[in-house]
Amino acid sequence: MKSLKRVFAEPAGMPVLADDVIEFHAARLLLLFRLCGKAGRIDGLTKMAKLDFFVRYPAFFKALCVRLGKTTSTPEVGRVESQMVRHHYGPWDKRYYQILAYLESRGLLQVTPQGSTYVLSLSGEGKRIAKQLEKAPSYQPISAMMREVKEVLGDRTGSALKNLIYQTFDSEVARQSLGTIIR
46 MKSLKRVFAE PAGMPVLADD VIEFHAARLL LLFRLCGKAG RIDGLTKMAK LDFFVRYPAF
106 FKALCVRLGK TTSTPEVGRV ESQMVRHHYG PWDKRYYQIL AYLESRGLLQ VTPQGSTYVL
166 SLSGEGKRIA KQLEKAPSYQ PISAMMREVK EVLGDRTGSA LKNLIYQTFD SEVARQSLGT
226 IIR
């Protein structure tokens, strides 16, 4: 992954994908903590990753809503915001640790161990930036998606979300080998 500051060092003919830029992922996670968390806080890496999964994979979220009997305005799309892999506890992005460290090093996120879990909380500056991102026109679609994900799944624990994913998406996620890209 590259920072936007370093993208300009690449040859002009080389394509730059948003998925390769750390600030793209950092912005999404800032919004996730603001819109899917409680007061800018998510308790646990598992919960963060599972909420992020449903934001990034709208077709999976729509299928889950149908299973749960919930209505959603999520469009029928197969578009994936950014790919995740099958991990020990369900969908995961191997870049999370790098992105979380990036956010913490810039004073935007506080990571606090609490027993066997980590509490992830936006700092004051993190809240301010997330609020700006939420209002930006280019972030309206993903912000709307996050609000729906929170409404349907926000009160569940990380373990409950992991179990729900495994039960609902057996062949798509649960039966995949570790490290397989989820499609």
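The sequence shown lines up with residues 46 to 228 when you count with this note's numbering. The beta carbon of each residue, even a glycine, is placed where N, CA and C say it ideally should be. Computed from a predicted model, the values in this text were never measured in an experiment.
- Y147 is classed as buried because its beta carbon has at least 16 other beta carbons within 10 Å across all chains shown.
- By the Cβ-count criterion, L145 is buried, with 16 or more other Cβ atoms from all chains shown falling within 10 Å of its own Cβ.
- Contact between R73 and K176 is absent: CB atoms are separated by about 15 Å, not below the 8 Å threshold.
- When the alpha-carbon of I174 is set against those of I67, A71 and V66, the nearest one is in A71.
- Residue pairing of S166 in beta bridges, as defined by DSSP: R86 and Q155.
- Around the C-beta of I226, fewer than 16 other C-beta atoms lie within 10 Å, and the residue is accordingly described as exposed.
- For P103, the enclosing alpha helix (DSSP H) has its first and last residue at P103 to L113.
- Apart from sequence neighbours up to five positions away, the residues of its chain that approach M191 with a beta-carbon distance below 7 Å are L76, L77, L80, C81 and V100, ordered along the chain.
- Under the three-state reduction of DSSP output, I187 falls in the helix class.
- Burial check for V194: the Cβ neighbour count within 10 Å reaches 16 or more, so the residue is buried.
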